[in-house]
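Chemist: Chains as they are written, first to last, in this note's numbering: chain D, 4 to 113; chain Y, 1314 to 1424. Supplied in structure tokens, the structure appears directly below.
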């Protein structure tokens, strides 16, 4: 079993929809959780960072962590065509290595 | 603000040729530096990280090596490239262990 599982998609939604992106993980030592957005042929851009369980909101983005279920989510409200990208979850237990999901491809259609 | 640079942006190399990719960070001191490879369908793989000049930790045994000759410079090298070395190489930096910021990447094709 891989440490971080993420559905690759693609996920296609109409503009204005609420998008839900998810990752599951197996290592209970993970405490730091991140979401990155990666446009085609570009480097990943840090979107959200969360420590331990709970919610964090930043504009149209909300990150949720449920450590009891080993499940993290990223919600995008009022999705825009510019949100079309690959979204990568990442997590760590405090060491130098981040454990990444393989990414979910999102397409927001006008 | 901090900025991370990588070059070249794109590289096409024959099998068996050497490789040198460079990464520099501006606007911060003593960053942790990382080299990742992103291959299609395989996600991001950490290759090397460095917590200081001359200090290199390898995560995956392979024909690649890394060096950190200056505080904000990180170099990825190979003496002889393999077809399997093709991919998107990303440099990242962090001031603490967990929050990493990525550069624009180098797309390497080995023919």
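Glycine included, every Cβ here is placed at the ideal spot set by N, Cα and C.
Closest Cβ-Cβ distance between residue 1402 (chain Y) and chain C: below 8 Å?
Modeler: As a matter of chain content, chain C is missing from the structure shown, whose protein chains are D and Y.
Chemist: Going along chain Y, which residues have a C-beta under 8 Å from residue 14 (chain D)?
Modeler: Counting from 1 along the first chain, the entry for residue 14 (chain D) is found at position 11. Those do not exist, as residue 14 (chain D) stays about 17 Å from chain Y at its closest Cβ, beyond 8 Å.
Chemist: Cα-Cα, which of D:33, D:109 and D:12 is closest to residue 94 (chain D)?
Modeler: As a working mapping, residue 94 (chain D) is identified with position 91 in the first chain. Here the closest residue by C-alpha is D:33.
Chemist: How about the region 59-73 of chain D and the region 19-35 of chain D: do they share at least three Cβ pairs that are nearer than 8 Å?
Modeler: Yes, the region 59-73 of chain D is in contact with the region 19-35 of chain D.
Chemist: What would DSSP say about residue 69 (chain D), mapped onto helix, strand or coil?
Modeler: Taking the first residue of the first chain as 1, we reach residue 69 (chain D) at position 66. Looking at residue 69 (chain D) - three-state DSSP - the assignment turns out to be strand.
Chemist: Flag this pair as yes or no: are the beta carbons of residue 1391 (chain Y) and residue 1332 (chain Y) separated by less than 8 Å?
Modeler: As a first step, residue 1391 (chain Y) is located in the second chain; it is residue number 78 there, counting from the start. As a first step, residue 1332 (chain Y) is located in the second chain; it is residue number 19 there, counting from the start. Yes, Cβ-Cβ distance for residue 1391 (chain Y) and residue 1332 (chain Y) is below 8 Å.
Chemist: Could you list which residues in chain D have their beta carbon closer than 7 Å to that of residue 1361 (chain Y), in chain order?
Modeler: Reading the second chain from its first residue, position 48 is the one you call residue 1361 (chain Y). Ordered by position in chain D, no residue passes the 7 Å Cβ test against residue 1361 (chain Y), which lies about 10 Å from the chain.
Chemist: Note down, one range per segment and in chain order, each alpha helix (DSSP H) of at least 4 residues found wholly within the region 1314-1352 of chain Y.
Modeler: As far as the region 1314-1352 of chain Y is concerned, it has no whole alpha helix (DSSP H) run of at least 4 residues.
Chemist: Just verifying my parser: in three-state terms, what is the DSSP assignment at residue 82 (chain D)?
Modeler: As a first step, residue 82 (chain D) must be located in the first chain, where it is residue number 79. Coil, per DSSP.
Chemist: Using a Cβ-Cβ cut-off of 8 Å, state whether residue 103 (chain D) counts as contacting chain Y.
Modeler: By one-based count along the first chain, residue 103 (chain D) stands at place 100. True, the Cβ-Cβ gap to chain Y drops below 8 Å.
Chemist: For residue 7 (chain D) and residue 45 (chain D), what's the separation of their Cα atoms in angstroms?
Modeler: Your numbering for residue 7 (chain D) matches position 4 in the first chain. Your numbering for residue 45 (chain D) matches position 42 in the first chain. Computed Cα separation, rounded: 22 Å.
Chemist: Measure the alpha-carbon distance for residue 1325 (chain Y) versus residue 57 (chain D) and round it to whole angstroms.
Modeler: Position 12 of the second chain holds residue 1325 (chain Y). Position 54 of the first chain holds residue 57 (chain D). Going from the Cα of residue 1325 (chain Y) to the Cα of residue 57 (chain D) covers about 45 Å.
Chemist: Just checking my contact of residue 1416 (chain Y) with residue 1319 (chain Y) at CB under 8 Å: how many whole Å lie between their CB atoms?
Modeler: As a position in the second chain, residue 1416 (chain Y) is number 103, starting the count at 1. As a position in the second chain, residue 1319 (chain Y) is number 6, starting the count at 1. With a Cβ gap of about 4 Å, residue 1416 (chain Y) and residue 1319 (chain Y) count as contacting.
Chemist: Counting only beta-carbon separations shorter than 8 Å, does residue 50 (chain D) have a partner in chain Y?
Modeler: As a first step, residue 50 (chain D) is located in the first chain; it is residue number 47 there, counting from the start. Chain Y contact via Cβ: absent.
Chemist: Tell me which residues share the same chain as residue 11 (chain D) and place their Cβ nearer than 7 Å to its Cβ, disregarding the 5 neighbours each side in the sequence.
Modeler: One-based indexing of the first chain puts residue 11 (chain D) at position 8. Correct list, in chain order: 105, 106, 107 and 108.
Chemist: Name the DSSP beta bridge partners of residue 17 (chain D), please?
Modeler: The residue given as residue 17 (chain D) occupies position 14 in the first chain. Paired residue(s): D:112.
Chemist: Give me the DSSP bridge partner(s) of residue 1386 (chain Y).
Modeler: Counted from its first residue, the second chain places residue 1386 (chain Y) at position 73. DSSP lists Y:1337 and Y:1383 as partners of residue 1386 (chain Y).
Chemist: So is residue 82 (chain D) buried or exposed if we call it buried at 16+ other beta carbons inside 10 Å?
Modeler: For the purposes of this step, residue 82 (chain D) is identified with residue 79 of the first chain, where counting begins at 1. So residue 82 (chain D) counts as buried.
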